[in-house]
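This report refers to the structure that appears directly beneath it.
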Amino acid sequence: MSGWAATVGADVVSVAEVDARERAVRAGDRRDALPRPGTSEGRQLRRWLTQVLVAERVVAATPGSGAAVPAEVEVLPDTVARLELGSVAAATLATAHGRAVYAEVTAHVEISDDTVADYRRRNPNWFARPADVAAHLLAAARRREYRRWLDARCAELVTLAPGYEHPGDPRQPDNVHRH
0 MSGWAATVGA DVVSVAEVDA RERAVRAGDR RDALPRPGTS EGRQLRRWLT QVLVAERVVA
60 ATPGSGAAVP AEVEVLPDTV ARLELGSVAA ATLATAHGRA VYAEVTAHVE ISDDTVADYR
120 RRNPNWFARP ADVAAHLLAA ARRREYRRWL DARCAELVTL APGYEHPGDP RQPDNVHRH
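At position 14 of the sequence shown the residue is numbered 13 (numbering that gives the first Met the number 0), and the sequence of numbers has no breaks.
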């Protein structure tokens with residue numbers, strides 16, 4: 000493999016950066032749960048880390064508006080929200096700049112009163128007040144919008160080197176679905 004794992008526009012994400020991120024992850028408290036380096040699963044981990052690095056670069060290159068920056072717990076209040084957003088997109092919200100971009104990208108998202116009323120009809124016991132339903136639905140809609148925006152920006156700006164393809168790309172040799 001060459002010295003680059005991906006490009007984000009004209010910005011290069013080097014193999015050394017992927018190596019450094021992998022070392023940092025392997026030094027963390029969940030190191031025993033990680034796959035062994037050099038295995039199919041280990042290569043998939045490197046592909047995922049590359050996805051995180053390029054998504055972080057895309058967000059870092061996006062100017063913020065200077066609007067109020069939400070706290071991480073506001074945009075990712077629980078595990079369900081993180082799963083809904085996806086691990087790569089969720090990783091971009093670890094920084095204040097990432098959350099500022101999130102706020103900018105999702106500022107226009109709204110939900111209608113009809114959407115709230117329909118949700119309450121289908122789920123009468125989930126929330127006590129309509130305002131709680133509205134907040135829940137708005138937060139979910141904003142996460143969907145951010146994910147769509149990030150996916151579109153990555154598709155537009157990112158080129159991945161051979162061996163650093165998306166982990167779910169069916170053309171790469173380690174993408175095997177097993178049960």
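We put the beta carbon where it would ideally sit given N, CA and C, even for glycine.
My output table needs one value for Leu159: the three-state DSSP class, helix, strand or coil.
Here residue 159 refers to the residue found at position 160 when the sequence shown is read from its first residue. DSSP places Leu159 in strand when its eight states are reduced to three.
What three-state label does DSSP hand Ala5 in the structure shown?
The residue given as residue 5 occupies position 6 in the sequence shown. Note: Ala5 maps to strand in three-state DSSP.
Whole alpha helix (DSSP H) elements within the stretch 64-115, 4-residue minimum
71-74, 78-84, 86-90 and 95-105
Do three or more CB pairs link the stretch 86-98 to the stretch 42-58 at distances below 8 Å?
yes
Which whole runs of the beta strand (DSSP E) in the stretch 122-175 are 3 residues long or more, in chain order?
157-159
Could you tell me whether the stretch 139-157 touches the stretch 5-20, using the rule of 3 or more Cβ pairs below 8 Å?
yes
Assuming Glu144 contacts Val108 (C-beta within less than 8 Å), just tell me the rounded distance between them.
Residue mapping note: residue 144 aligns to position 145 of the sequence shown, counting from 1. Residue mapping note: residue 108 aligns to position 109 of the sequence shown, counting from 1. The Cβ separation is near 5 Å, so the contact holds.
In terms of DSSP beta bridges, what is Asp31 paired with?
Taking the first residue of the sequence shown as 1, we reach residue 31 at position 32. Looking at the DSSP assignment, Asp31 forms no beta bridge with any residue, so it has no partner.
Using only the alpha-carbon positions, how far apart do Ala66 and Glu164 sit?
The sequence position of residue 66 within the sequence shown is 67, counting from 1. The sequence position of residue 164 within the sequence shown is 165, counting from 1. In a straight line, the C-alpha of Ala66 is about 35 Å away from that of Glu164.
Between the beta-carbon of Gly97 and the beta-carbon of Val58, is there less than 8 Å?
Translated into the one-based positions of the sequence shown, residue 97 becomes position 98. Translated into the one-based positions of the sequence shown, residue 58 becomes position 59. Cβ atoms of Gly97 and Val58: closer than 8 Å.
Thinking Ala60 and Cys153 are a contact (beta carbons under 8 Å), I'd like their distance in whole angstroms, please.
Within the sequence shown, residue 60 is the residue found at index 61, counting from 1. Within the sequence shown, residue 153 is the residue found at index 154, counting from 1. Not confirmed; about 11 Å, so no contact.
Pair within 8 Å by beta-carbon distance, Leu136 and Ile110
By 1-based counting over the sequence shown, the position of residue 136 is 137. By 1-based counting over the sequence shown, the position of residue 110 is 111. Contact flag set, yes.
In the DSSP assignment, what are the bridge partners of Ser13?
For this step, residue 13 is matched to residue 14 along the sequence shown. In DSSP, Ser13 forms a bridge with Trp3.
Which residues bound the alpha helix (DSSP H) around Ala54?
As a position in the sequence shown, residue 54 is number 55, starting the count at 1. Counting along the chain, the alpha helix (DSSP H) containing Ala54 begins and ends at Ser39 to Ala59.
C-alpha gap between Asp173 and Pro36, whole angstroms
Sequence index remark: in the sequence shown, residue 173 carries index 174 (1-based). Sequence index remark: in the sequence shown, residue 36 carries index 37 (1-based). One C-alpha to the other measures close to 13 Å.
Val11 to Asp31, Cα distance in whole Å?
Mapped onto the sequence shown, residue 11 falls at position 12. Mapped onto the sequence shown, residue 31 falls at position 32. Spanning the two alpha carbons is a distance of roughly 31 Å.
Closest residue to Val104 among Arg146, Arg29 and Arg170 (Cα-Cα distance)
The sequence position of residue 104 within the sequence shown is 105, counting from 1. Here the closest residue by C-alpha is Arg146.
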